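Take the sequence shown: its position 356, counted from the start at 1, is 373 in my numbering, and no numbers get skipped.
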Amino acid sequence: MRLPFHLAAMAAGIAACCATAGAAAATTAIHCGQLIDTQAGKLLGETTVVIDGKRIVAVSAGHQVPAGATEIDLSTQTCMPGLIDSHTHLTGQTSPTQYTDQFRWNTADYAIRSTVYARTTLLAGFTTVRDLGDSDNISITLRNAISAGIVAGPRIFTAGGPIGSTGGHADPTDGYRSSLAGDPTPREGIINSPADAWKAVRQHYKDGTDLIKIMPSGGVLDESKSADNAQMTVEEIKAVVAAARDYGMTVAAHAHGAEAIRRAVLGGVDSIEHGTYMNEEDMKLMKEHGTWYVPTIIAGKFVDEKAKIPGYFPPQVALKAAAVGPLIQGTAGRAYKAGVKIAFGTDAAIYPHGDNGKEFGYMVEAGMPAMFTIQAATTHAAELLKQDKDLGSISVGKLADLVAVPGNPLTDIGLMTKVGFVMKDGVVYKQDGKPAQFVANLDQPILPADSGQGF
Ligand SMILES: [Zn+2]
């Protein structure tokens with residue numbers, strides 16, 4: 018049976034309330050026309066997925082709806098696991114006024130916008146994100162509000178603010194006049210020794226981050242000279258990684274330059290982000306160390322395009338954007354051929370939130386098979402997050418995160434920008450291409466980020 022839209026929306030609203038309130042949710046059966054088995058890398062035919070509460074309890078071939086289950090008809094769609102973007106910044110979005118907004122906007126201005134970016138991301142089919150750099154720990158608050166059911170958005174694993182060195186890509190005061198710049202410290206993520214690195218990671222743990230983001234190379238959007246120079250020592254990176262491991266956290270490294278990539282891999286990071294000037298030696302090292310690569314091709318293309326508009330970026334930034342932007346897609350293609358492990362990530366915020374799905378087409382253009390790009394955004398990304406027990410495939414026991422597109426994305430990768438059905442944690446957020454009604458749950462207590470279970 019196909020639920021009329023208003024009933025489905027109502028059911029979704031009730032489910033949102035009750036699932037977060039801890040009450041038992043009804044059984045739902047999703048009838049998929051086709052289903053992508055991301056673990057086997059296979060397109061399956063007609064499949065029924067049964068969901069009880071937040072979890073998948075059965076996956077079977079054909080149309081087999083258990084008695085009493087509510088059916089969702091996706092018989093004209095291709096189902097796949099909820100998508101994972103391994104590189105987002107849900108607390109901002111590039112604009113020509115961003116460099117002056119930061120002197121006028123309060124934390125709350127960014128925080129309110131972040132709830133809109135989060136919802137947009139979820140409705141585009143991304144049920145989980147790794148958030149890699151915010152300010153004022155807004156992404157931690159956003160994560161908590163989403164998991165408490167107050168606002169709609171993807172499941173967030175956040176790094177909080179980035180960690181880097183004085184004058185580097187993580188320094189929030191690059192380009193400021195000296196009387197405004199001050200001297201940011203490990204509390205603000207700025208480190209200049211292994212001891213500082215330990216302090217900064219422990220501060221992040223105290224603040225409630227899930228992982229750590231470092232900036233061992235220059236970057237494009239800050240107002241310093243180089244996008245690719247090395248900005249952290251191997252000893253500093255090793256200290257970050259060792260401290261992060263103490264708290265069960267992974268480390269993501271923004272790095273454009275070859276030397277910075279080499280140092281980050283030797284330092285033991287889990288992933289290299291962007292990787293623009295990655296050379297053969299870096300690729301060999303990444304394979305030896307099992308380091309993931311998260312290319313973010315769409316961000317490169319977007320900044321290259323905007324660099325051509327006079328005044329969109331400050332002059333120094335425009336120069337760097339035009340140099341770095343066009344190269345990432347080629348690097349991604351070479352890394353794929355070399356056999357480097359690749360996880361899907363886009364650097365959302367650099368381009369408008371919600372366009373995340375365009376990255377699939379750019380990855381295919383770079384030479385990756387369509388199935389591989391979908392695995393990059395599901396099984397691979399779940400493994401990078403160390404959440405593969407719960408995420409990344411439509412399998413019994415995993416969280417009920419499921420999206421669907423109208424057709425076969427393996428023959429038309431553009432369909433990945435047309436996600437029409439979104440379920441997260443067993444709750445429907447989008448159906449028939451339309452957002453479902455979302456009812457905020459204001460009764461759930463918000464726990465501090467680390468609620469200090471046990472003694
Ligand atoms: Zn980024």
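For every residue, glycine included, the Cβ atom is placed at its ideal position computed from N, Cα and C.
Predicted model only: the values in this text are computed from it and were never measured.
- [ ] Indicate the three-state DSSP secondary structure (helix, strand or coil) for Asp442 in the structure shown.
- [x] Residue 442 sits at position 425 when you count from the first residue of the sequence shown. Annotated three-state conformation of Asp442 is coil, per DSSP.
Open item on the list: What does the Cβ neighbour count give for Leu402, buried or exposed, with the cut at 16 atoms within 10 Å?
Closed with: The residue you call residue 402 lines up with position 385 of the sequence shown. Here Leu402 is buried, its C-beta having at least 16 other C-beta atoms within 10 Å.
Open item on the list: Whole angstroms are fine: how far does the CA of Ala269 sit from the CA of Thr180?
Closed with: Translated into positions along the sequence shown, residue 180 becomes position 163. Translated into positions along the sequence shown, residue 269 becomes position 252. Here residue 180 is Ile; the residue named in the question, Thr, does not match the sequence. Rounded to the nearest whole angstrom, the C-alpha separation of Ile180 and Ala269 is 10 Å.
- [ ] Rounded to whole angstroms, what's the CA-CA distance from Thr17 to Asp429? Just pull it up for me.
- [x] Beyond the ends of the chain as shown, which are 18 and 472, falls residue 17; an answer cannot be given.
TODO: Answer yes or no: the CB of Glu270 versus the heavy atoms of ligand 1, is any distance below 8 Å?
DONE: What you label residue 270 is simply residue 253 of the sequence shown in a count that begins at 1. Note on residue identity: the sequence assigns Ala, not Glu, to residue 270. Checking every heavy atom of ligand 1 against the Cβ of Ala270, none is found closer than 8 Å.
Open item on the list: Rounding to the nearest angstrom, what Cα-Cα distance links Pro426 and Ala387 in this structure?
Closed with: Residue mapping note: residue 426 aligns to position 409 of the sequence shown, counting from 1. Residue mapping note: residue 387 aligns to position 370 of the sequence shown, counting from 1. If I take the Cα positions, the gap works out to 7 Å.
Open item on the list: Considering just the uninterrupted stretch of the alpha helix (DSSP H) at Ala338, what are its terminal residues?
Closed with: Mapped onto the sequence shown, residue 338 falls at position 321. Residue range Pro332 to Val341 is occupied by the alpha helix (DSSP H) that includes Ala338.
TODO: Report the option in Gly384, Gly284, Glu400 and Arg262 whose CA atom is closest to the CA atom of Val251.
DONE: Taking the first residue of the sequence shown as 1, we reach residue 251 at position 234. Among Gly384, Gly284, Glu400 and Arg262, the Cα nearest to that of Val251 is on Gly284.
Open item on the list: Please classify Ala417 as buried or exposed, where buried requires at least 16 neighbouring CB atoms within 10 angstroms.
Closed with: Counting from 1 along the sequence shown, the entry for residue 417 is found at position 400. With 16 or more other CB atoms across the displayed protein chains lying within 10 angstroms of its CB, Ala417 is buried.
Open item on the list: I'd like to confirm something about Ile367: is its beta-carbon nearer than 8 Å to some heavy atom of ligand 1, or not?
Closed with: Along the sequence shown, one-based indexing puts residue 367 at 350. A heavy atom of ligand 1 is found nearer than 8 Å to the CB of Ile367.
Open item on the list: If the criterion is Cβ atoms closer than 9 Å, does the pair Asp449 and Gly431 meet it?
Closed with: Here the question's residue 449 lines up with position 432 in the sequence shown. Here the question's residue 431 lines up with position 414 in the sequence shown. Cβ distance not < 9 Å, so Asp449 and Gly431 don't count as in contact.
Open item on the list: Which residues end up in the neighbourhood of ligand 1 when you take C-beta atoms closer than 6 Å to any of its heavy atoms?
Closed with: Going along the chain, the residues that qualify are His104, His106, Leu149, Gly150 and Asp364.
Task: Extent of the continuous beta strand (DSSP E) to which His306 belongs - done: Against the sequence shown, residue 306 aligns to sequence position 289. Secondary structure note for His306: it is in no beta strand (DSSP E), and the uninterrupted alpha helix (DSSP H) holding it is Glu297 to His306.
TODO: Work out the CA separation of Leu344 and Pro413 for me, nearest whole Å.
DONE: Residue mapping note: residue 413 aligns to position 396 of the sequence shown, counting from 1. Residue mapping note: residue 344 aligns to position 327 of the sequence shown, counting from 1. According to the sequence as given, residue 413 is Val; it is not Pro. A straight line joining the alpha-carbon of Val413 with that of Leu344 spans about 41 Å.
Task: Which of helix, strand or coil DSSP assigns to Ser288 - done: Looking up residue 288 in the sequence shown gives position 271. Residue state for Ser288 is assigned as strand, using DSSP reduced to three classes.
TODO: Taking only runs that begin and end inside the stretch 133-167, name each unbroken beta strand (DSSP E) of 3 or more residues, in chain order.
DONE: Within the stretch 133-167, the complete beta strand (DSSP E) runs of at least 3 residues are 143-148.
Task: Simplified DSSP assignment, three categories, for Asp188 - done: Residue numbering aside, residue 188 sits at position 171 when the sequence shown is read from its first letter. Shown here, Asp188 sits in coil according to DSSP, grouped into three states, outside any helix or strand.
Task: Backbone secondary structure at Met433 - three-state DSSP - done: Here residue 433 is taken as the residue at index 416 of the sequence shown, counted from 1. In the three-state scheme derived from DSSP, where H, G and I count as helix and E and B as strand, Met433 is classed as helix.
Open item on the list: On the DSSP bridge list, what partners appear for Phe174?
Closed with: By 1-based counting over the sequence shown, the position of residue 174 is 157. Its beta-bridge partners are Arg147.
Open item on the list: Given this structure, state the Cα-to-Cα distance separating Thr87 from Val168, to the nearest angstrom.
Closed with: Position 70 of the sequence shown, counted from the start, is the residue given in the question as residue 87. Position 151 of the sequence shown, counted from the start, is the residue given in the question as residue 168. The straight-line gap separating the alpha-carbon atoms of Thr87 and Val168 is approximately 25 Å.
Task: Anticipated Cβ contact below 8 Å, Ala349 with Ala338, distance rounded - done: By 1-based counting over the sequence shown, the position of residue 349 is 332. By 1-based counting over the sequence shown, the position of residue 338 is 321. With a contact defined as Cβ atoms closer than 8 Å, Ala349 and Ala338 miss out at about 18 Å.
- [ ] Give the DSSP-derived three-state secondary structure of Asp405 in the structure shown.
- [x] As a first step, residue 405 is located in the sequence shown; it is residue number 388 there, counting from the start. Looking at Asp405 - three-state DSSP - the assignment turns out to be coil, as it is neither helix nor strand.
Task: Reduced DSSP category for Ile391 - H, G, I as helix; E, B as strand; rest coil - done: Here residue 391 refers to the residue found at position 374 of the sequence shown. In this structure, Ile391 counts as helix in the three-state DSSP scheme.
- [ ] Tell me, please, whether the stretch 63-75 touches the stretch 129-143 by the rule of three or more beta-carbon pairs shorter than 8 Å.
- [x] The stretch 129-143 and the stretch 63-75 do not touch, with fewer than three beta-carbon pairs separated by less than 8 Å.
Open item on the list: Let me make sure I understand the geometry here. Which of Gly307, Gly185 and Leu459 has the alpha-carbon closest to that of Glu400?
Closed with: Counting from one through the sequence shown, the residue named residue 400 turns up at place 383. Nearest C-alpha to Glu400: Gly307.
- [ ] Classify Arg279 as buried or exposed, calling it buried when 16 or more other Cβ atoms lie within 10 Å of its own Cβ.
- [x] Residue mapping note: residue 279 aligns to position 262 of the sequence shown, counting from 1. It is buried - the Cβ of Arg279 has at least 16 other Cβ atoms within 10 Å.
Task: Residues near Glu305 by beta carbon distance below 8 Å, same chain, minus five either side - done: The sequence position of residue 305 within the sequence shown is 288, counting from 1. No residues qualify anywhere along the chain.
- [ ] Could you name the residues that DSSP lists as bridge partners for His271?
- [x] If you number the sequence shown from 1, residue 271 lands on position 254. Bridge pairing for His271: Glu290 [DSSP].
TODO: Could you give the DSSP three-state label for Tyr264: helix, strand or coil?
DONE: As a first step, residue 264 is located in the sequence shown; it is residue number 247 there, counting from the start. Tyr264 falls in the coil class under three-state DSSP.
Open item on the list: Relative to the C-alpha of Ala340, which candidate in Ser243, Gly424 and Glu298 has its C-alpha closest?
Closed with: On the sequence shown, residue 340 is found 323 positions in, with the first residue counted as 1. Comparing Cα positions, the closest option is Ser243.
Open item on the list: If distances are taken between C-alpha atoms only, which option among Gly79, Tyr127 and Gly317 comes closest to Leu61?
Closed with: The residue labelled residue 61 in the question sits at position 44 within the sequence shown. Looking at the Cα atoms, Gly79 is the closest of the given residues.
Task: beta strand (DSSP E) segment containing Trp309, residue limits - done: The residue labelled residue 309 in the question sits at position 292 within the sequence shown. In the DSSP annotation of this structure, the continuous segment of the beta strand (DSSP E) that includes Trp309 starts and ends at Trp309 to Val311.
Task: For Asp224, the residue or residues it bridges with in DSSP - done: Looking up residue 224 in the sequence shown gives position 207. Residue pairing by DSSP leaves Asp224 without any beta bridge partner.
Open item on the list: Tell me the rounded alpha-carbon separation between Tyr193 and Glu322.
Closed with: Within the sequence shown, residue 193 is the residue found at index 176, counting from 1. Within the sequence shown, residue 322 is the residue found at index 305, counting from 1. Those two C-alpha atoms are separated by around 26 Å.
TODO: Identify, in the order they occur along the chain, each residue of the same chain with its Cβ nearer than 8 Å to the Cβ of Gly328, setting aside the five sequence neighbours on each side.
DONE: Within the sequence shown, the letter at position 311 stands for residue 328. Taken in chain order, the residues that qualify are Pro113.
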